[in-house]
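In what follows, a structure is listed as structure tokens, so that the remarks can point back to it.
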Amino acid sequence: MPALFFPHRYPPLLRVAVLSLLTVFLTVFSERHPGLRNVGLTMAYPVQWANLQGANAWQQAARFLQSRAALASENARLRAELAQAQPDLLQAKILRVENRQLLALLDSIPQPPGKVAVAQVIAQNFSPSNQSITVDMGARNGVFVGQPVLAAGGVAGQVVSVSPMSSQVALLSDLGSSIPVQPVGSDLPLLVDGEGNLHQLIIPFQARDTALKRGDRLVTSGLGGRYPPGLMVGTITAIVRNGDQPFAQIAVQPAVRLGRLSTVLMLWSGPPSRPTAP
Amino acid sequence: MERPAITADRAMMIIALVFGFFIALSAETVPLGALYALLHPDFVTLLLLYWAISNNSELSFTIVWLIGLFQDIALGDVLGAQAIASIIMIYLLYSGLGRVRSLPPWEQLFFVFLLLLAHRLIVWLWQAWAGAITWHFSLLLGPLLGALLWPLFTFALDHLRHTLRPQHV
Numbered sequence: 016m017p018a019l020f021f022p023h024r025y026p027p028l029l030r031v032a033v034l035s036l037l038t039v040f041l042t043v044f045s046e047r048h049p050g051l052r053n054v055g056l057t058m059a060y061p062v063q064w065a066n067l068q069g070a071n072a073w074q075q076a077a078r079f080l081q082s083r084a085a086l087a088s089e090n091a092r093l094r095a096e097l098a099q100a101q102p103d104l105l106q107a108k109i110l111r112v113e114n115r116q117l118l119a120l121l122d123s124i125p126q127p128p129g130k131v132a133v134a135q136v137i138a139q140n141f142s143p144s145n146q147s148i149t150v151d152m153g154a155r156n157g158v159f160v161g162q163p164v165l166a167a168g169g170v171a172g173q174v175v176s177v178s179p180m181s182s183q184v185a186l187l188s189d190l191g192s193s194i195p196v197q198p199v200g201s202d203l204p205l206l207v208d209g210e211g212n213l214h215q216l217i218i219p220f221q222a223r224d225t226a227l228k229r230g231d232r233l234v235t236s237g238l239g240g241r242y243p244p245g246l247m248v249g250t251i252t253a254i255v256r257n258g259d260q261p262f263a264q265i266a267v268q269p270a271v272r273l274g275r276l277s278t279v280l281m282l283w284s285g286p287p288s289r290p291t292a293p
Numbered sequence: 002m003e004r005p006a007i008t009a010d011r012a013m014m015i016i017a018l019v020f021g022f023f024i025a026l027s028a029e030t031v032p033l034g035a036l037y038a039l040l041h042p043d044f045v046t047l048l049l050l051y052w053a054i055s056n057n058s059e060l061s062f063t064i065v066w067l068i069g070l071f072q073d074i075a076l077g078d079v080l081g082a083q084a085i086a087s088i089i090m091i092y093l094l095y096s097g098l099g100r101v102r103s104l105p106p107w108e109q110l111f112f113v114f115l116l117l118l119a120h121r122l123i124v125w126l127w128q129a130w131a132g133a134i135t136w137h138f139s140l141l142l143g144p145l146l147g148a149l150l151w152p153l154f155t156f157a158l159d160h161l162r163h164t165l166r167p168q169h170v
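Quick mapping for you: the protein sequence lines, in order, are chains A and B.
Each residue of the first sequence is one higher than the last, beginning at 16 in the working numbering.
Each residue of the second sequence is one higher than the last, beginning at 2 in the working numbering.
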């Protein structure tokens, strides 16, 4: 290959050293300007586009190859699930009406239901340092940094960078992720942090005599205003109280199967509710 | 000294390389689930090693660096981590392990493992320097599987290159 910028007459060690120094500056600069990530995401779009085409072709091939019998059995299963879900749906409707009435009694404004849109996952990165997915909706579709992202089961994560055609979503399991939650039926404020593991989240800094117990379900508390309240986050699977540890180690299983996302819901929640009168 | 002229063969080679790295990057990020993410080798680094070992002339460090930089961008990781790991890996290959080239793929496997391991450790150190990161055993799985895949990988690419090569050379 012809030498680009550097003639080959300079010793290799010098060339490597200069490029390394350049990398140091580049890394420091990019860490200080997080807005650069949006530019990077735009540059990477051709790769994501190729992924999208590959995924679509794969799905079409799978659909073509799926036998009639398999489709019939799937249809039957879906019908059975629908029959099971209908009473629950009815009950949910009744509860929603009742909830509105109770909220009206409490003189608080009920949250208007948010707008959602379905986005397809076009890239993934599940290294211990970075647990994120890229979806095929971007600034053109009104996606913004900090937007909550849902999937079947509950919260999946939030948008961290946006390009015109795509956006990157940090999953709940990302090391930098932290989401305010509360147990169902209680208003104890808690945080659920990611630790780079798709299957396990943690609740940090809880005293060893915490009232939390195994099986407690956690929903978003709405504190901080980023996520609307009441969305499912996960279930406590284990509480370890070690003799020499100052805090209990609490493991949470995410409600969403973070490693198997193919489509997600982008959520535009309504305006934040007015603070209630004391 | 005169610069080599850009012939049709050269242009063909450059197109093949760009296309190859594009495919490798796509294979690395395609959303196929957690198991795939755990088990897939670092295709871009493997391709870089193949290119460095099989090519007769030395690669330009700048090009290796740019490829690493684009990999960082596409993965959304800390900018520069793959770039610096790639140039150091290629430097190690050229300075200390130059003899690897003449070995058959089965014996190259061990050196490839060491190089991939060095690459992975540098990426990890760089990310640790830039922010929080945890160590996980699965970080060693990539280099191991990449090295085990090496003979198959070189066989497939040699075959492909042989098919694509113009007949008059």
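For each residue, glycine too, the CB sits at the ideal point set by N, CA and C.
Bear in mind that the values here come from a model prediction, so they are computed numbers and not experimental data.
Judged by DSSP in its simplified three-state form, leucine 227 (chain A) adopts coil rather than helix or strand. For the 8 Å CB-CB criterion, alanine 35 (chain B) and phenylalanine 141 (chain A) form a contact. In the DSSP assignment, phenylalanine 220 (chain A) falls within the unbroken beta strand (DSSP E) covering 216–222. In the three-state reduction of the DSSP assignment, arginine 232 (chain A) falls in the strand class, which pools E and B. In the three-state reduction of the DSSP assignment, aspartate 208 (chain A) falls in the strand class, which pools E and B. For glycine 211 (chain A), the closest Cβ of chain B is nearer than 8 Å.
DSSP, reduced to helix, strand and coil, places serine 193 (chain A) within a strand of the structure shown. Of the residues assessed, tryptophan 73 (chain A) falls on the exposed side of the cut-off, its CB having fewer than 16 other CB atoms within 10 angstroms. Among the residues facing chain A, valine 101 (chain B) is not included, as its CB has no counterpart in that chain under 8 Å away.
In this model, aspartate 103 (chain A) and alanine 270 (chain A) are separated by some 19 Å (Cα to Cα). Shown here, methionine 152 (chain A) sits in coil according to DSSP, grouped into three states, outside any helix or strand. Under the Cβ criterion of 8 Å, aspartate 78 (chain B) is counted among the residues facing chain A. In the three-state DSSP reduction, glycine 240 (chain A) falls in the coil class, being neither helix nor strand. Listed along chain A, the residues sitting closer than 7 Å to glycine 34 (chain B) by beta-carbon distance are Gly274, Arg275.
Annotation for leucine 165 (chain A): the continuous beta strand (DSSP E) segment containing it runs 163–166.
In terms of CA proximity to phenylalanine 112 (chain B), B:Leu149 leads the group B:Leu18, B:Ser139, B:Leu149. For the pair tryptophan 136 (chain B) and valine 45 (chain B), the Cα-to-Cα distance works out to about 22 Å.
Contact with chain A is found for serine 96 (chain B), since one of that chain's Cβ atoms lies less than 8 Å from the residue's Cβ.
Judged by their CB atoms, threonine 42 (chain A) and valine 101 (chain B) are not nearer to each other than the 8 Å cut-off. For valine 31 (chain B), a Cβ of chain A is located within less than 8 Å of the residue's own Cβ.
Counting only Cβ-Cβ distances below 9 Å, isoleucine 148 (chain A) has contacts in chain B at Pro32, in chain order. No beta strand (DSSP E) of 3 residues or more sits fully in the stretch 36–105 of chain A. Taking a Cβ-Cβ threshold of 7 Å, the residues of chain A close to alanine 84 (chain B) are Thr38, in chain order. For threonine 235 (chain A), the nearest beta carbon of chain B is not closer than 8 Å to its own beta carbon. Within its own chain, the residues whose Cβ lies closer than 8 Å to the Cβ of valine 62 (chain A), once the five positions on either side in sequence are excluded, are Ala138, listed in chain order. Looking at A:Ser178, A:Leu233, A:Ala185, A:Ala87, the one whose alpha-carbon comes closest to that of isoleucine 148 (chain A) is A:Ala185. Contact between valine 199 (chain A) and arginine 229 (chain A) does not hold, since their C-beta atoms are separated by about 14 Å, which reaches or exceeds 8 Å. Residues of chain B with a Cβ closer than 7 Å to the Cβ of phenylalanine 141 (chain A) are, in chain order, Ala35, Ala38. When C-beta distances to chain B are compared with 9 Å, the residues of the stretch 167–183 of chain A below that value are Val175, Ser176, Gln183, in chain order. The DSSP-derived three-state label of serine 147 (chain A) is strand. Distance from threonine 235 (chain A) to isoleucine 194 (chain A) at the Cβ level is roughly 7 Å; contact confirmed, criterion being Cβ atoms closer than 8 Å. Between the alpha carbons of alanine 12 (chain B) and threonine 155 (chain B) lies a distance of about 22 Å. Within chain B, the residues placing a beta-carbon under 7 Å from that of alanine 59 (chain A) are Ile74, Ala75, ordered along the chain. Using a Cβ distance threshold of 8 Å, glutamate 210 (chain A) and isoleucine 218 (chain A) do not count as a contacting pair. Here valine 174 (chain A) is not near leucine 276 (chain A), since their CB atoms are 8 Å or more apart.
Glycine 81 (chain B) and glycine 258 (chain A) have their C-alpha atoms roughly 42 Å apart.
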